[in-house]
Amino acid sequence: MRLSDLFFATLRDDPADAEMPSHRLLLRAGYVRPLGSGLYSLLPLGFRVNRRVEQVIREEMDAIGCQEMEMPVVHPAEVWKASGRYFKIGPELARFKDRGDRDMVIAMTHEEVVAILLSELVQSYRQLPVQLYHFQTKFRDEPRARGGLIRVREFVMKDAYSCDRDQAGLDASYEKYRGAYVRIFERLGLDAIMVRSDVGIMGGTGAHEFMVINDFGEDTLVLCDACGYADNQQIAEVQKPSPEAEALQAMEEVATPDTTTIDALAAFLDIPRSKTAKATFFVAGDGRFVVAIVRGDYDVNETKLTNAIKAVGGLRPAQLDEIKARGMEAGYGSPLGATDSLVVVDELVTRSPNLVAGANRVGWHVRNVNVPRDYEPDIVADITSAREGDACITCGSPVKLRKGIEVGNIFKLGTDFTVAAGAEYLDENGDRHPIVMGSYGIGLGRNVACIVEAHHDEKGIAWPEEVAPYPAHLVAIGGNKDPQVVETAERLYAIAAAAGPDREILYDDREESPGVKFTDAELLGMPWILTVSPRSLAAGGVEVTHRATGERSVRSIDEVTAFLEGREPFEASAAAIASAATAGG
RNA sequence: CGGGGCGUGGCGCAAUGGCGGCGCACGUGCUUUGGGAGCACGAGGUUGUGGGUUCAAAUCCCACCGCCCCGACCA
């Protein structure tokens, strides 16, 4: 592709409202353009990267026997009503009516359709297991798009579905996908780590997320360097301290003006936060009012709380009047005297004697509150979030917290969808069973952004060869002084073109100054920059620069030809890679 | 949905009540080709939309729309 023909434009200035490096660079280098919030066009360069990422995923899916197909983006609403998700999912699911006034949805994912296909096509255990996948557009009307391609509303996802006759089959399929995902992210140049994740209210028997550590990430990961433990903070467990035994003291009210926060309370009474009990108030989707009690030095983990009370529809923070109506006072709250509430107490609180808790009266707390002496919990469970430095649940070493971006997930769904769709098979004995499903997703655009996050410097992008839109970027300098430059560059370009579509290169044939061409080449980020100039010709050929390391050498026309034809790849020296790794952090 | 910020040419920005500008990018011509070149000429705007105040509004007021950031949310 000649740059004089390419549909793109590089921006000299950073776009004002692009905060993430990947977003800034993809905009500046002319890979993507926004159309609206969370809606992006992929320009030709961006589309080529997307396609190469897609191809890596396709190869690894095919390698585990997963069959590519395609399912519709628009579904009749009945499909989603049958699974129940039409009613469970809020405005995130886009709905509309077709010309016949029929309810329709724009698909967020495709479990329902797979289950329907299974119900139509699978009758015997002999047809199982089967693995299916497609690359298809999803629409999720997210409350807030952010981070360029990281969180968008419309995106292409590879979603795969395993279909097995039983749990053991699902476990085996799940393992295959786990292995495929490890290979995919390695090929994409991403350091993805697998963490256990919440299965949510969709049930299922297990799920993992593949995460890339990134400060702009939306999830928090709990990691242990010592033993390799890695969980999403939503579900991560840590070892909690064993408070020293104390004689239980009598409760005693104490005036504590202006102490609506734990910090203020602890400071006012001159006690550690660990000697206080914190109350937070929620309303579950089914209407139950929930008081969650954790020690003052911990935070409530809403995912754990949701799972502890099996809250269908999740939790929302309670309103002040809802709290008051149940005899409690926000800022000075506790279950003491509370009515009509589900009291959920963190297990550490039950082991921590003589805590200061709210008196449910503005400006007052109560000393020496003990569970279950002073109030009776409805549920005792681990409902706190892991903290930086807490003791690892498996080895006791201090854990660390890191932000992460989810680049893929694997999920043991179970039979919810197949039961709803009537997707059953007959076993060897003629008995009928629901098919057991798993689902496995990878968002393409998000992966493209994460690759840029991991492979860029202050000058621009540095694509790994596996996903680069073109293998090389040819720059001709001084062509007006020396016709041999243009002649040589044109010849090399033609050689690459003749070597097949995969070997096509970018050729900067524009009448621009050398500075512009070099700057753009570094911004666009092809793995190898080939410079033809009077200087390079005098030195014996073409100057070859490795974009990622900056390593530079002059290669003969024959060597470059062998590279362009795909016969002899260029390799960066180990030393250059090591020094680039050190410099890049 | 709550909080904050922003909306002026393709991009980045200035103009705070009185003739809408600057840099880059863009077009034409000449010069220039190893690190975002120079000169000359030129094109490009209903200042997000609607309403209001005023002799006069990009500027002040109201409403709406859109975008970004934080939070809520995230099968």
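When the letters of the first sequence are read in order and numbered with the working numbering, they come out as residues 619 to 1203.
Quick reminder that beta carbons are idealized off the backbone N, C-alpha and C, glycines included.
Source: prediction; values computed, not measured.
query: Count the other CB atoms, across all protein chains shown, that sit within 10 Å of the CB of Phe757; report buried if there are 16 or more and exposed otherwise.; result: buried
query: Return the chain-ordered list of same chain residues with a C-beta closer than 6 Å to the C-beta of Val740, the five sequence neighbours on each side being excluded.; result: Tyr1043
query: Any heavy atom of the ligand GTP closer than 8 Å to the CB of Gly945?; result: Inclusion of the ligand GTP in the displayed structure is not the case, the ligand content being empty and no account of it being possible.
query: Taking the straight line between their C-alpha atoms, what separation do you get for Glu1094 and Val650?; result: For clarity, residue 1094 is Ala in the given sequence; the question names Glu instead. So the alpha carbons of these two residues sit roughly 26 Å apart.
query: So, with DSSP's three-state summary, where would you put Cys684?; result: coil
query: Which same chain residues end up closer than 8 Å to Ala868 when comparing Cβ atoms and leaving out the 5 residues on each side of it in sequence?; result: Asn986
query: With 16 other CB atoms within 10 Å as the buried threshold, where does Thr755 fall?; result: exposed
query: May I ask you to report which of helix, strand or coil DSSP gives Asn668?; result: helix
query: From Asp759 to Val989, what distance separates their C-alpha atoms?; result: 44 Å
query: When you compare only the Cα positions, how much space is there between Gly1143 and Gly1118?; result: 21 Å
query: How many angstroms separate the CA atom of Met687 from the CA atom of Val1104?; result: 46 Å
query: Quick one: give me the first and last residue of the alpha helix (DSSP H) that Pro1101 is part of.; result: 1101-1116
query: Pull up the distance between the alpha-carbon of Phe900 and that of Val967, whole angstroms please.; result: 19 Å
query: Can you have a look at Gln685 and say buried or exposed, based on whether 16 or more other CB atoms are within 10 angstroms of its CB?; result: exposed
query: Output the boundary residues of the alpha helix (DSSP H) element that contains Arg1153.; result: 1152-1156
query: Measuring alpha carbon to alpha carbon, tell me which of Val840, Ala1086, Phe753, Phe1035 ends up nearest Cys781.; result: Phe1035
query: Excluding the five sequence neighbours on either side, which residues of its own chain have a C-beta within less than 6 Å of the C-beta of Arg1128, listed in chain order?; result: Leu621, Ser622
query: Using 8 Å for Cβ pairs, my map puts Ile768 next to Ile927. What's the rounded Cβ distance?; result: So it is not a contact: roughly 32 Å between Cβ atoms.
query: Measure the alpha-carbon distance for Gly945 versus Gly955 and round it to whole angstroms.; result: 7 Å
query: Hey, would you say Asp1000 sits closer than 9 Å to Leu960, going by beta carbons?; result: no
query: Helix or strand or just coil, what does DSSP make of Leu1019?; result: strand
query: Give the list of continuous alpha helix (DSSP H) stretches no shorter than 4 residues that lie fully inside the stretch 819-902.; result: 880-887
query: Express the C-alpha separation of Gly1061 and Phe626 in angstroms, rounding to a whole number.; result: 24 Å
query: Taking buried to mean at least 16 other C-beta atoms within 10 Å of its own C-beta, is Ala863 buried or exposed?; result: exposed
query: For Gly1203 and Glu1076, what's the separation of their Cα atoms in angstroms?; result: Bear in mind that the predicted position of Gly1203 carries a pLDDT of just 40, short of 50, making it too unreliable to give a figure here.
query: Using a threshold of 9 Å, state whether the C-beta atoms of Leu1092 and Leu1141 are closer than that.; result: no
query: Considering only residues of the same chain and omitting the five flanking positions on each side of Glu965, which have a CB-CB separation below 8 Å?; result: Lys858, Val998, Ala999, Asp1000
query: Could you give the distance in angstroms between the alpha-carbon of Ile675 and the alpha-carbon of Ile802?; result: 6 Å
query: Taking the runs of the alpha helix (DSSP H) that are 4 residues or longer, which of them lie wholly in the stretch 939-1022?; result: 965-968
query: DSSP on Thr755, reduced to helix/strand/coil?; result: strand
query: I'd like to check one pair, Val817 with Glu827: are the Cβ atoms closer than 9 Å?; result: no
query: Within the same chain, show all residues whose beta-carbon is closer than 7 Å to that of Ser742, passing over the 5 residues directly before and after it, in chain order.; result: Tyr1043, Leu1044
query: Which value, in whole angstroms, describes the spacing of the CA atoms of Glu637 and Leu643?; result: 10 Å
query: Would you report the Cα separation of Asp992 and Thr1033, rounded to the nearest angstrom?; result: 44 Å
query: Between the Cα of Leu731 and the Cα atoms of Ala1166, Ala1038, Glu1161, which residue gives the shortest distance?; result: It is worth fixing the name first, because residue 731 is Val in this sequence and not Leu. When only C-alpha atoms are compared, the closest one is Ala1038.
query: Measure the CB-CB distance between Val774 and Gly1063 and report whether it falls below 9 Å.; result: yes
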